[in-house]
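Participant:
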Amino acid sequence: MGAAVPTDPTIYRLYEALQVYGPTLKEPIHEEFGDGIMSAINFRMGIKRVPDPEGDRVEIVLNGKFLPYQW
Numbered sequence: 063m064g065a066a067v068p069t070d071p072t073i074y075r076l077y078e079a080l081q082v083y084g085p086t087l088k089e090p091i092h093e094e095f096g097d098g099i100m101s102a103i104n105f106r107m108g109i110k111r112v113p114d115p116e117g118d119r120v121e122i123v124l125n126g127k128f129l130p131y132q133w
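Our numbering puts the sequence shown at residues 63 to 133.
1. Measure from the alpha carbon of Y131 to the alpha carbon of each residue in P113, M107 and M100, then state which is nearest.
2. Have a look at the DSSP bridge pairing and note the partners of K110.
3. Span of the alpha helix (DSSP H) holding F95?
4. Between the segment 69–86 and the segment 108–120, do at least 3 Cβ pairs fall closer than 8 Å?
5. Within this structure, are the beta carbons of D105 and G126 separated by less than 8 Å?
6. Helix, strand or coil for F105 per DSSP?
7. Here's a check: name, in chain order, each residue in its chain whose Cβ is nearer than 7 Å to the Cβ of P68, leaving out the five neighbours to either side.
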């Protein structure tokens, strides 16, 4: 994946969500697991529709192995 900002609307919104909420997601990961990363190797994900009176929502689950930093 290059450094360019995605132009596809769906991919751009995912990119934008991680730009905005990335630090917020990182904090509880580090609180729960310690310093490290969520690996994309042997990665699993799920997507489902969640009914909502104001319009259906998309639920995305990202499931990656936690790898502690090796200093």
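By construction, the Cβ of each residue, glycine as well, lies at the ideal position given by its N, Cα and C atoms.
Predicted model only: the values in this text are computed from it and were never measured.
Facilitator: So, from the data block:
1. M100
2. E121
3. P71 to F95
4. no
5. First, the amino acid is wrong: residue 105 is Phe here, not Asp. For F105 and G126, yes; Cβs fall inside 8 Å.
6. coil
7. Y74 and Y77
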